[in-house]
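Contents: one structure, followed by commentary.
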Amino acid sequence: MKRLRREGKSLGRRGMSLLEVFVALAIFIAALAVITQIISTGTRASSRAQFQSEATLRAESCMAEAIAGIIPMQNDRKAFDDDAAWQWSLSVETGPHVDTLLLTVVTEHTTENGKLNGSATLKRVIRDPQLFLNAGSSPTNSSALELLK
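Numbering (this note's numbering), first residue to last: 10 to 158.
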């Protein structure tokens, strides 16, 4: 007996084998794991960048306060008023030139476990403000009117 073939339909197999299903599932799970790892790495990098930028802003703020005289220009280490997890320290040293000071501000953010999340160090050389105070109060300075007399 002869089998009759239907025209227009192929005699190929229908569906997928179990092995093909497992291979496709393994590829899908591996791709999902890679995508999850990429998202996790991006989230960690974003948090690190956020802590770093906040540390830099806080260091600039402390440096401006020290130069303006709001905080005393002396070695000190304290927590910020708004968040105790953020610490700042100010170091005052003699500068590289005569009558200059080297100010170093370090800001750090630590967790309850003591892990450092972000930090920034800012250094600036300024003229010694005590020189301006001494120059203004010294009696040896004579005004132009006294010279004309």
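In this text, a Cβ means the ideal position worked out from N, Cα and C, and glycines have one as well.
| message | Less than 8 Å between the C-beta atoms of Arg86 and Ser70, yes or no? | response | In the sequence shown, counting from the first residue as 1, residue 86 sits at position 77. In the sequence shown, counting from the first residue as 1, residue 70 sits at position 61. Going by C-beta atoms, Arg86 is not nearer than 8 Å to Ser70.
| field | Host beta strand (DSSP E) of Val32 (start-end) | value | Numbered from 1 along the sequence shown, position 23 holds the residue referred to as residue 32. For Val32, no beta strand (DSSP E) segment is defined; the enclosing uninterrupted segment is the alpha helix (DSSP H) at Leu27 to Ala77.
| field | Spatially closest choice to Phe141 from Glu63, Arg133, Asp108 and Leu131, by CA coordinates | value | As a working mapping, residue 141 is identified with position 132 in the sequence shown. Proximity to Phe141 across Glu63, Arg133, Asp108 and Leu131 peaks at Asp108, based on C-alpha coordinates.
| Under 8 Å between the Cβ atoms of His118 and Phe60? | Translated into the one-based positions of the sequence shown, residue 118 becomes position 109. Translated into the one-based positions of the sequence shown, residue 60 becomes position 51. Yes; because the gap between Cβ atoms is below 8 Å, this pair is in contact.
| message | Per DSSP, what are the beta-bridge partners of Val107 in this structure? | response | Position 98 of the sequence shown, counted from the start, is the residue given in the question as residue 107. DSSP output for Val107 lists no bridge partner at all.
| task | Report the partner residues of Thr119 according to the DSSP bridge assignment. | result | In the sequence shown, the residue the question calls residue 119 occupies position 110. Per DSSP, Leu125.
| How many whole angstroms separate the CB atoms of Leu131 and Met82, which I take to be in contact at a CB cut-off of 8 Å? | As a first step, residue 131 is located in the sequence shown; it is residue number 122 there, counting from the start. As a first step, residue 82 is located in the sequence shown; it is residue number 73 there, counting from the start. With 8 Å as the limit, Leu131 and Met82 do not qualify as a contact, their Cβ atoms being about 15 Å apart.
| Under the three-state DSSP convention, the category Ala153 falls into | Position 144 of the sequence shown, counted from the start, is the residue given in the question as residue 153. For Ala153, the pLDDT reaches just 49, beneath the cut-off of 50, and the residue's location in the model is therefore unreliable, although a value from the coordinates is still provided. Of the three classes helix, strand and coil, the one that applies to Ala153 here is helix, per DSSP.
| said: Going by DSSP in three states, Ala88 sits in which element: helix, strand or coil? | reply: In the sequence shown, the residue the question calls residue 88 occupies position 79. It is a strand residue.
| What's the gap between the Cα of Ala144 and the Cα of Val134? | In the sequence shown, residue 144 corresponds to position 135, counting from 1. In the sequence shown, residue 134 corresponds to position 125, counting from 1. When rounded, the distance between both Cα atoms is 20 Å.
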